[in-house]
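K.L.:
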DNA sequence: ATGAAAGCGCTAACAT
DNA sequence: ATGTTAGCGCTTTCAT
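Protein chains in written order, with UniProt numbering: chain G, 1 to 338; chain H, 1 to 338.
(1) Determine whether the beta carbon atoms of residue 255 of chain H and residue 309 of chain H lie at a separation below 8 Å.
(2) Give me the chain H residues within the contact set of residue 54 of chain G, using Cβ-Cβ distance strictly less than 7 Å, ordered along the chain.
(3) From residue 305 of chain G to residue 276 of chain G, what distance separates their C-alpha atoms?
(4) Are residue 293 of chain G and residue 168 of chain G closer than 8 Å when you measure CB to CB?
(5) Hey, how far is the Cα of residue 1 of chain G from the Cα of residue 48 of chain G?
(6) Is the beta carbon of residue 66 of chain H sitting closer than 8 Å to the one on residue 114 of chain H?
(7) Using beta carbons (cut-off 8 Å, strictly below), is residue 150 of chain H in contact with chain G?
(8) Runs of 3 residues minimum, wholly inside the segment 135-175 of chain H: which ones carry the beta strand (DSSP E) assignment?
(9) Going by CA-CA distance only, name the one from H:178, H:222 and H:56 that's closest to residue 338 of chain H.
(10) Of all the CB atoms in chain H, is at least one closer than 8 Å to the CB of residue 248 of chain G?
(11) Between H:15, H:23 and H:336, which lies nearest to residue 180 of chain H when the distance is taken from Cα to Cα?
(12) In the segment 276-302 of chain H, which residue ranges form an unbroken beta strand (DSSP E) of at least 3 residues, counting only runs that do not cross its ends?
(13) Do the segment 123-138 of chain H and the segment 99-107 of chain H make contact, defined as three or more Cβ pairs closer than 8 Å?
(14) Using a beta-carbon distance cut-off of less than 7 Å, what residues from the segment 203-224 of chain G approach chain H?
(15) Less than 8 Å between the CB atoms is what I'm expecting for residue 307 of chain G and residue 159 of chain G, so what's the real figure, rounded?
(16) My assumption, with CB atoms under 8 Å, is that residue 346 of chain H sits in contact with residue 134 of chain H. Please give the rounded CB distance.
(17) If you drop the 5 nearest sequence neighbours on each side, which residues of the same chain put their C-beta closer than 6 Å to that of residue 97 of chain G?
(18) With 8 Å as the threshold, decide whether the Cβ of residue 50 of chain G is near any Cβ in chain H.
(19) Would you list the one or two residues that DSSP bridges to residue 49 of chain G?
(20) Look up residue 43 of chain G in the DSSP assignment and give the residues it is bridged to.
(21) Could you check the C-alpha separation between residue 215 of chain H and residue 184 of chain H for me, to the nearest Å?
(22) Could you tell me which chain G residues have their CB closer than 8 Å to the CB of residue 99 of chain H, listed as they occur along the chain?
(23) Closest to residue 286 of chain G by CA distance: which of G:274, G:296 and G:295 is it?
(24) Would a C-beta distance cut-off of 8 Å place residue 249 of chain G and residue 196 of chain G closer than the cut-off?
(25) Using a Cβ-Cβ cut-off of less than 9 Å, list which residues of the segment 254-270 of chain H approach chain G; keep chain order.
(26) Going by the beta-carbon positions, is the gap between residue 237 of chain H and residue 219 of chain H smaller than 8 Å?
(27) Would DSSP call residue 247 of chain H helix, strand or coil?
(28) What residue range does the beta strand (DSSP E) around residue 330 of chain H cover?
(29) The beta strand (DSSP E) spanning residue 121 of chain H covers which residue range?
(30) Tell me whether the beta-carbon of residue 136 of chain H lies closer than 8 Å to the beta-carbon of residue 173 of chain H.
(31) Indicate the three-state DSSP secondary structure (helix, strand or coil) for residue 99 of chain H in the structure shown.
(32) State buried or exposed for residue 99 of chain H, treating a residue as buried only when at least 16 other CB atoms are found within 10 Å of its CB.
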């Protein structure tokens with residue numbers, strides 16, 4: 001029961017060759033139905049299990065896709081992963097998932113590890129820290145499909161899946177302006193990542209177009225955890241101009257900010273209006289409900305999976321670097337209404 | 001640059017044997033320092049990368065740990081996964097993660113797939129649907145380490161990591177009773193899973209101990225999504241006894257229920273008090289803040305990782321089935337206060 | 001300290 | 001339709 005049976009065992013048992021066994025197991029067309037049946041039965045009886053190590057070595061492929069994300073435990077990211085997993089799983093691929101924890105070093109290490117472990121493709125959402133992209137060359141050099149999603153970088157022949165972050169940032173800010181906000185600040189993190197840089201650009205663009213005495217002001221936070229919200233409040237309290245609008249690059253932080261604001265005596269949206277980003281589930285359950293940009297994470301994950309699978313199956317020309325831009329949407333709730 | 005170099009290439013290049021190259025690369029003690037240095041240099045120059053397929057086949061191990069969870073996109077689960085990943089990554093292990101989506105069939109399939117892909121160990125949190133556990137025998141038969149966390153089942157020689165769910169359910173309910181609740185209902189899902197069954201048992205025990213005319217009543221929901229909250233409200237509205245306390249097996253659902261309650265004119269906690277489960281971040285940002293049971297997900301993940309690694313390294317007797325019970329804690333916030 | 005060679009188990013090109 | 005056989009690249013026992 002515990003001794004593992006190989007195709008050689010099956011071959012001997014049935015008096016046929018290992019090749020025939022292998023072919024039968026793989027449903028090769030040129031094997032007779034009766035032989036296949038015999039083999040399958042023997043396999044079941046003996047508890048035969050394919051040895052992927054050997055199979056992978058022979059085929060030089062692993063049916064495995066690597067994924068590197070900044071962190072697993074964010075609502076958005078785990079939703080994207082869920083989408084990727086669903087697609088991969090249905091196609092018979094396994095997912096090897098690792099976290100960079102926003103560190104360039106860890107991202108490098110994970111890239112190397114995943115390469116060596118022989119993943120057939122790699123999906124990456126970049127760490128905030130990452131400034132250099134040479135570590136991905138082991139993939140690009142060997143033409144192993146590499147795709148970036150959400151936190152992307154433009155590399156030759158690497159598809160990207162994003163939303164139009166600049167437009168989203170613009171809309172969020174424009175909305176606040178239309179609600180009468182005069183002094184709108186932007187709260188973000190990792191401004192060297194294009195996602196955040198572009199939202200910031202959209203914010204600035206909106207301010208500029210509605211020329212008056214608006215002052216552009218971005219508060220950079222280290223991450224989207226509760227203590228960072230305090231920094232924002234401190235700024236607001238000491239600002240010479242009365243802040244009346246906040247566009248935050250993350251719902252989770254926006255929510256903490258609102259909480260902090262309220263416990264500091266500010267009324268949301270009366271005194272200060274807030275727009276977040278992502279449309280995390282939390283946006284709908286807090287008081288006041290949070291206006292935000294809907295960012296379709298599950299769909300992004302599914303598309304990332306599908307895109308990489310079609311590259312793997314060769315149904316898309318791998319030389320064609322594509323860029324998929326998903327639709328986003330401003331959702332107006334209570335937190336930003338006049 | 002694109003042609004892959006093997007240990008044979010290095011051996012030829014340096015005029016030594018492949019065995020020596022292999023040993024050098026693995027820092028084998030009986031290789032001279034100079035030879036090692038030569039090899040490492042040549043490896044670097046040629047861009048040599050180990051081929052794990054071959055290595056795995058030879059060693060019959062993959063440095064990979066499989067994980068099956070009900071779903072990736074829950075705050076609790078992604079936090080646990082984050083803990084597992086951190087430990088595994090530091091120990092040089094990769095994580096293959098898959099979702100059962102609460103379906104027994106998918107769990108079976110994933111178990112088989114992960115087995116065949118040669119994971120060195122398997123970590124599982126069971127699907128709600130799963131009633132039969134034979135699919136895990138491929139692991140237990142071959143003494144491949146198998147560990148259950150959160151949603152566990154008692155299998156021979158399989159460690160489990162849990163909290164004392166019965167005590168937690170008891171405390172939550174007892175607390176509501178002490179706050180003056182007379183008609184407390186319990187909302188849960190997947191009552192055939194011990195996690196939920198035990199919380200329910202704790203709930204019943206608390207009611208029984210505080211003998212009076214309390215009626216035990218459990219509302220089973222299909223999952224913890226918003227629409228399910230409506231079912232709960234419907235029950236409350238039509239109940240002959242005025243419901244004044246709710247113990248919910250999940251913060252995410254508790255939060256939706258509170259929202260529904262409020263929009264139906266109920267005051268929380270004045271009319272109805274609510275206690276959730278897990279201490280998701282959302283518990284602290286909603287209004288009123290949610291009382292809940294703190295369930296240390298990250299710690300659970302780290303422990304699961306550590307436990308399985310020590311089994312793998314043989315530093316723990318694999319025959320010793322251990323059960324780790326993590327501390328939980330009732331956190332009293334506004335939603336349940338008199 | 002190093003080398004020779006036999007696996008590890010599967011696949012596929014090339015027979016038959 | 002089936003068999004033969006040469007890899008796939010690394011590890012490791014057994015020499016030397």
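The beta carbon of each residue, even a glycine, is placed where N, CA and C say it ideally should be.
P.N.:
Once the coordinates are examined:
(1) No.
(2) In chain order: 57.
(3) A direct Cα-to-Cα measurement between residue 305 of chain G and residue 276 of chain G gives close to 27 Å.
(4) Taking C-beta atoms as the reference points, residue 293 of chain G and residue 168 of chain G count as a pair closer than 8 Å.
(5) Residue confidence for residue 1 of chain G is low, a pLDDT of 41 falling below 50, so the modelled location carries little weight and cannot support an answer.
(6) Contact: yes.
(7) Taking 8 Å as the CB threshold, residue 150 of chain H stays off the interface with chain G.
(8) Listed in chain order, the beta strand (DSSP E) runs fully inside the segment 135-175 of chain H are 146-149 and 160-163, counting runs of at least 3 residues.
(9) Taking only the C-alpha atoms, the option nearest residue 338 of chain H is H:178.
(10) Residue 248 of chain G does not count as touching chain H.
(11) Closest option to residue 180 of chain H, judged by alpha-carbon separation, among H:15, H:23 and H:336: H:336.
(12) If only uninterrupted beta strand (DSSP E) runs of at least 3 residues are considered, those enclosed by the segment 276-302 of chain H are 292-294.
(13) Yes, the segment 123-138 of chain H touches the segment 99-107 of chain H.
(14) Hits within the stretch: zero.
(15) That belief holds up - the Cβ atoms of residue 307 of chain G and residue 159 of chain G are roughly 6 Å apart, short of 8 Å.
(16) Only positions 1 to 338 of chain H appear in this structure, which leaves residue 346 of chain H out of reach.
(17) Within the same chain, Cβ atoms closer than 6 Å to the Cβ of residue 97 of chain G are found at 67, the five residues on either side in sequence being excluded.
(18) Taking Cβ atoms only, chain H reaches closer than 8 Å to residue 50 of chain G, which makes this a yes.
(19) Note: residue 49 of chain G sits in no beta bridge, so no partner.
(20) Answer is none; residue 43 of chain G lacks a bridge partner.
(21) For residue 215 of chain H and residue 184 of chain H, the distance between alpha carbons rounds to 8 Å.
(22) In chain order: 82, 85, 86 and 89.
(23) For the residues G:274, G:296 and G:295, the minimum Cα distance to residue 286 of chain G belongs to G:274.
(24) Yes, the pair counts as a contact, with Cβ atoms nearer than the cut-off.
(25) Residues of the segment 254-270 of chain H whose Cβ lies closer than 9 Å to any Cβ of chain G, in chain order: 255, 256, 258, 259 and 262.
(26) The answer is no: Cβ separation not under 8 Å.
(27) In the structure shown, residue 247 of chain H sits in a strand (DSSP, three-state: E or B).
(28) For residue 330 of chain H, the enclosing beta strand (DSSP E) covers residues 329-331.
(29) Here the beta strand (DSSP E) through residue 121 of chain H covers 121-124.
(30) Their beta carbons are not under 8 Å apart, which means residue 136 of chain H does not touch residue 173 of chain H by this criterion.
(31) Of the three classes helix, strand and coil, the one that applies to residue 99 of chain H here is strand, per DSSP.
(32) Here residue 99 of chain H is buried. Its C-beta has 16 or more other C-beta atoms within 10 Å.
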